[in-house]
Amino acid sequence: ALRDTLAPLIGAPGLGDKVAASVIDTATGEQLYGQGATTPMTPASTIKIATATAALSVLGPDHRIAT
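No gaps in the numbering here: position 8 of the sequence shown is 12 in my numbering, and each next residue is one more.
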């Protein structure tokens, strides 16, 4: 389920010890996942989500960007 998918990502050591996430169903307003969701925090840059979505849509999930 969603928790099983997100928990290892949220727990990644590279994220540090202050991690919070919330997934909301926009149609119903129901919270589907919450980890530290009620803890006040400074929000991260959310524009990365739109950029990643656009890249996945155009390039596909198997594309690798050389850096």
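Virtual Cβ for every residue (Gly too), placed ideally from N, Cα, C.
Values in this document were obtained by computation on a predicted structure and should not be read as measured data.
Top-ranked residue by Cα proximity to residue i, from the options
{"i": "P47", "options": "T32, Y37, S26 and L36", "result": "S26"}
Cβ shell of residue i (< 7 Å), same chain only, five flanking positions each side left out
{"i": "S49", "result": "none"}
{"i": "T55", "result": "none"}
Contacts around residue i, its chain only, beta-carbon distance under 6 Å, and the 5 residues preceding and following it disregarded
{"i": "I14", "result": "V23, A25 and Q39"}
{"i": "M45", "result": "A24"}
{"i": "P12", "result": "none"}
Same chain, Cβ closer than 8 Å to residue i, neighbours up to 5 away in sequence not counted
{"i": "I28", "result": "E34, Q35 and L36"}
### Message
Would you call the segment 57 to 65 in contact with the segment 35 to 44, where contact means no fewer than 3 C-beta pairs closer than 8 Å?
### Response
With a cut-off of 8 Å, the segment 35 to 44 and the segment 57 to 65 do not count as touching, because too few Cβ pairs lie within range.
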